[in-house]
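Asks: In this note's numbering, the protein residues as written are 33 to 325.
In this text, a Cβ means the ideal position worked out from N, Cα and C, and glycines have one as well.
Source: prediction; values computed, not measured.
Sharing a structure here in structure tokens format.
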């Protein structure tokens, strides 16, 4: 069987745990078909966790690692010159855990590229300005165009895409650096660095970076897994792409590390959707692409 399928994993913080549940139910049908994975932000993290072969133990580790967190933001830490949020070390340690005990070797041994997207800030803006401006413009466009799948304000502002294959990472630390760079959303996680340049969350260019996979195409099928519910008019089949989103509002909040139940419910939602839509997946994999009129 040829590897004729692209898989794109959108970002979304804790909402991306939905992808773990869905892939658990679908991977046996996808594994021999996937020719590339494109991802950004938390979607890149889920790709690492899933492909490492350590998703169960990594999730358990994340639960233990964040058990002490009672608040997601503490202003008083700023007065002491400390990071006001607990997310970065927990996130980084979790990715490193996934890559331990053979996880990194399994990631690098994949038969297909595992591409991670980061966003390079505009050259004409100083970093202290581009960071809050980029995040503000991204949030504003999401609010004004809630059904839009590929917002473009970041690119118009001057943020540039940089795509890197995780398999090219020389060490587990370098792979973790790349995932964290793709998730760089101050103050939750700090700026990253790729090729000596400061970079931010790849979602500032495109939070569902299907274009990255298609630069390596063409693909007979392209599955784009989103992490929040979209209106019906925005999802479904679009040419070779099939946009799949949660069937209901995702319980997890993007950056809430204080509660476990919503994340567990988000994984369960992915598992339910995967089970209920499995026949649709099988049908799509045997269908010809639907042309865009």
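(1) Cβ atoms of residue 143 and residue 230: under 9 Å apart, would you say?
(2) Assuming residue 68 contacts residue 145 under a Cβ cut-off of 8 Å, what Cβ separation, rounded to an integer in Å, is found between them?
(3) Whole angstroms are fine: how far does the CA of residue 66 sit from the CA of residue 274?
(4) Considering only residues of the same chain and omitting the five flanking positions on each side of residue 232, which have a CB-CB separation below 6 Å?
(5) How is residue 193 classed by DSSP in three states: helix, strand or coil?
(6) Based on Cα-Cα distance, which residue from 318, 91 and 313 lies nearest to residue 59?
(7) I need the boundaries of the beta strand (DSSP E) containing residue 113, first residue and last residue.
(8) Can you tell me the Cα-Cα spacing of residue 117 and residue 97, whole angstroms?
(9) For residue 107, which beta-bridge partners are listed by DSSP?
(10) Label residue 166 either buried or exposed according to how many other C-beta atoms from any shown protein chain fall within 10 Å of its C-beta, with 16 as the threshold for buried.
(11) Quick check: residue 102 and residue 257, are their CB atoms within less than 9 Å of each other?
(12) Between the beta-carbon of residue 46 and the beta-carbon of residue 298, is there less than 9 Å?
(13) On the DSSP letters alone, give me the boundaries of the beta strand (DSSP E) that residue 276 sits inside.
(14) What are the complete alpha helix (DSSP H) segments, minimum 4 residues, inside the region 112-196?
(15) Report yes if the C-beta distance between residue 56 and residue 87 is below 9 Å; otherwise report no.
(16) I need the DSSP call for residue 230, collapsed to helix, strand or coil.
Replies: The relevant details are as follows:
(1) Position 198 of the chain shown, counting from 1, holds the residue named residue 230. Position 111 of the chain shown, counting from 1, holds the residue named residue 143. Not a contact, by the Cβ cut-off of 9 Å.
(2) Within the chain shown, numbered from 1, the residue matching residue 68 stands at position 36. Within the chain shown, numbered from 1, the residue matching residue 145 stands at position 113. 5 Å between Cβ atoms; contact.
(3) The sequence position of residue 274 within the chain shown is 242, counting from 1. The sequence position of residue 66 within the chain shown is 34, counting from 1. Answer to the nearest angstrom: the Cα atoms are 14 Å apart.
(4) Translated into positions along the chain shown, residue 232 becomes position 200. Answer for residue 232: 151 and 216, listed in chain order.
(5) By one-based count along the chain shown, residue 193 stands at place 161. Three-state DSSP puts residue 193 in a strand.
(6) For the purposes of this step, residue 59 is taken as the residue at position 27 of the chain shown. Here the closest residue by C-alpha is 313.
(7) On the chain shown, position 81 is the one that residue 113 refers to. Segment: none, residue 113 is in no beta strand (DSSP E) and carries neither H nor E.
(8) Stepping through the chain shown from its first residue, residue 117 is reached at position 85. Stepping through the chain shown from its first residue, residue 97 is reached at position 65. Whole-angstrom Cα-Cα distance: 14 Å.
(9) Indexing the chain shown from 1 puts residue 107 at position 75. Answer is none; residue 107 lacks a bridge partner.
(10) Position 134 of the chain shown, counting from 1, holds the residue named residue 166. Under this definition residue 166 is a buried residue.
(11) Translated into the one-based positions of the chain shown, residue 102 becomes position 70. Translated into the one-based positions of the chain shown, residue 257 becomes position 225. Not closer than 9 Å, so no.
(12) As a working mapping, residue 46 is identified with position 14 in the chain shown. As a working mapping, residue 298 is identified with position 266 in the chain shown. Yes. Within cutoff.
(13) Locating residue 276 in the chain shown gives position 244, counting from the first residue. Its beta strand (DSSP E) spans residues 273-276.
(14) 119-131, 135-140, 159-176 and 185-189
(15) By one-based count along the chain shown, residue 56 stands at place 24. By one-based count along the chain shown, residue 87 stands at place 55. Taking 9 Å as the Cβ cut-off, residue 56 and residue 87 qualify as a contacting pair.
(16) For the purposes of this step, residue 230 is taken as the residue at position 198 of the chain shown. Strand at residue 230.
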